[in-house]
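Have a look at the structure below before the remarks.
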Amino acid sequence: MNIFLTLDYELFSGANPGSVENTIIKPTEKLLDIGDKYGAKFVFFVDSGYLVKLSKYIDKYPQAKSDYEKVVEQLKMLDEKGHDIQLHVHPHWEDCTYDGAWHMDTSRFRIHHFSKEEIADILSRYKKALTDIVGDKVFAYRAGGWCLQPFDKLKDALKKEGITLDSTAYEDGYNSSATHYFDFRGMPSKTLYSFEDDPVKEDEKGFFTQVPISTYDVNPWFFWKFAYYKKFGKNEHKTYGDGIGAGGTSNSSMLRMLTRPTKSLVSMDGLRASLLIKALDANSKKDKDGNLVVIGHPKAVTPFSLDALDKFLAYAKQNDHKVLTFNKYIKNI
Ligand SMILES: [Zn+2]
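So for the sequence shown, our numbering puts the first residue at 10; every next one is plus one.
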């Protein structure tokens, strides 16, 4: 398979977003140490709204300036080393303020809280923040919180910004809450397809390419273990990231996961990284020439997850799977 190791490069969205050093810089370096052993490159979906907002405070606050410089420097280094820098949009940064510490406001978490004109402006500014750093290489999108639908509100703006690829959808994905909405149920069971008006409806003549995040059927025992380690886990299960996320899994979906098999995202985060090899085998069995898109977050890296990623990359190499970036592969097909 073609493996894409995608990482949403971002702080937490809760009241304490975490420090840049521990939540982004350090865990990203640790991921690179593992990737470098195998010559594997990552795809970073960068939450550039954070950078746009942070840049407004660099003249007034030395901490903001140093955070900004650290992130820009790391993104430049990642680009130079051949990793992908792509666009991840969390529009709530529009409402957050800084006075030496962040005051988070996630009341407009979904991009759909904004008008079509505001969305066009947000996408344009957020993409420019990345192209200013890495040049004209940004053409892939991942929606913040998977909030990609209804797509008609974003479609024209994404086209205008030269975004041709989306990697947000995943099979059976559904969430409808006060903060989130997406419905990916019934999407094509393919690892790449074209679309135009709805990211989960194939349209052979469509402008956009969907490369969905891969899924894997996970047994309930895993989530029991997951809950246990969350509560009683030792240091190897502690994240380097030091912030707090917004919200969590609802009680009803937790109950579902603890009682019957559920489709879960193929992820390199925390304990989930222990399922990577099984997920690769299962997906490869279905479509050996297809794509395996793994999701992850520097903020969710743990010593345990790094070890599991190391084993996964060794296994992938042994079995002739390729680890690619979107710039290296998708752009040329
Ligand atoms: Zn995100």
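Every residue gets a Cβ at the ideal spot worked out from N, C-alpha and C, and that includes glycine.
**Message:** What ranges does the alpha helix (DSSP H) occupy inside the segment 69–125, keeping only unbroken runs of at least 4 residues that lie completely in it?
**Reply:** Those alpha helix (DSSP H) runs which fall completely within the segment 69–125 and span 4+ residues are 71–89.
**Message:** Among S293, R117, T32, K295, whose alpha-carbon lies nearest the alpha-carbon of T188?
**Reply:** Against the sequence shown, residue 188 aligns to sequence position 179. When only C-alpha atoms are compared, the closest one is R117.
**Message:** I'd like to confirm something about G153: is its beta-carbon nearer than 7 Å to some heavy atom of ligand 1, or not?
**Reply:** Along the sequence shown, read from residue 1 onward, the residue named residue 153 stands at position 144. Yes, the beta carbon of G153 sits closer than 7 Å to at least one heavy atom of ligand 1.
**Prompt:** In whole angstroms, what separates the C-alpha of D207 from that of F241?
**Reply:** For the purposes of this step, residue 207 is identified with residue 198 of the sequence shown, where counting begins at 1. For the purposes of this step, residue 241 is identified with residue 232 of the sequence shown, where counting begins at 1. Going from the Cα of D207 to the Cα of F241 covers about 42 Å.
**Alpha-carbon spacing of Y66 relative to L139, whole angstroms** = Translated into positions along the sequence shown, residue 66 becomes position 57. Translated into positions along the sequence shown, residue 139 becomes position 130. Cα to Cα, Y66 sits roughly 18 Å from L139.
**Message:** Measuring CB atoms only, is the segment 112–127 touching the segment 48–58, in the sense that at least three cross pairs come out at less than 8 Å?
**Reply:** no
**Span of the beta strand (DSSP E) around Y225** = Working through the sequence shown from its first residue, we reach residue 225 at position 216. Start and end: 224–227.
**Backbone CA spacing between S283 and L14 [nearest angstrom]** = Counted from its first residue, the sequence shown places residue 283 at position 274. Counted from its first residue, the sequence shown places residue 14 at position 5. Rounded to the nearest whole angstrom, the CA to CA distance from S283 to L14 is 15 Å.
**Request:** Under 8 Å by Cβ, that's how I've got K307 and L40 pegged, so tell me the actual separation to the nearest angstrom.
**Result:** Taking the sequence shown and counting its residues from 1, the one referred to as residue 307 is at position 298. Taking the sequence shown and counting its residues from 1, the one referred to as residue 40 is at position 31. As written in the sequence, residue 307 is Pro, which differs from the Lys given in the question. Their Cβ separation, rounded to whole angstroms, is 7 Å, which keeps P307 and L40 in contact under 8 Å.
**Request:** Check whether the Cβ of D189 sits closer than 7 Å to any heavy atom of ligand 1, and report yes or no.
**Result:** If you number the sequence shown from 1, residue 189 lands on position 180. Checking the sequence shown, residue 189 turns out to be His, not Asp. Flag unset: Cβ of H189 not near ligand 1.
**Asked** In the DSSP assignment, what are the bridge partners of K65?
**Response** The count along the sequence shown starts at 1 and reaches residue 65 at position 56. Its beta-bridge partners do not exist; DSSP assigns none.
**Item:** the segment 314–326 contacting the segment 276–292, beta-carbon criterion three pairs below 8 Å
**Value:** yes
**Prompt:** What runs of the beta strand (DSSP E), each 3 residues or longer, lie entirely inside the segment 240–317?
**Reply:** 271–274, 300–303
**Item:** Bridge-paired residues (DSSP) for Y55
**Value:** Reading the sequence shown from its first residue, position 46 is the one you call residue 55. Reading off the sequence, residue 55 comes out as Val, not Tyr. Beta-bridge pairing by DSSP links V55 to Y18, L96.
**Asked** Roughly how many whole angstroms lie between the Cα atoms of V303 and P221?
**Response** Taking the sequence shown and counting its residues from 1, the one referred to as residue 303 is at position 294. Taking the sequence shown and counting its residues from 1, the one referred to as residue 221 is at position 212. Straight-line Cα distance between these residues: approximately 10 Å.
**Asked** Do the CB positions of F217 and S203 come within less than 8 Å of each other?
**Response** As a first step, residue 217 is located in the sequence shown; it is residue number 208 there, counting from the start. As a first step, residue 203 is located in the sequence shown; it is residue number 194 there, counting from the start. Cβ atoms of F217 and S203: closer than 8 Å.
**Prompt:** To which residues of the same chain is W102 closer than 6 Å at the C-beta, ignoring the five residues directly before and after it?
**Reply:** The residue you call residue 102 lines up with position 93 of the sequence shown. For W102, where only same-chain residues beyond five positions count, the Cβ hits under 6 Å are G58, Y59, K62.
**Prompt:** Is there at least one non-hydrogen atom of ligand 1 closer than 7 Å to the beta-carbon of H97?
**Reply:** Here residue 97 corresponds to residue number 88 of the sequence shown, with the count starting at 1. Answer for H97: yes, Cβ within range of ligand 1.
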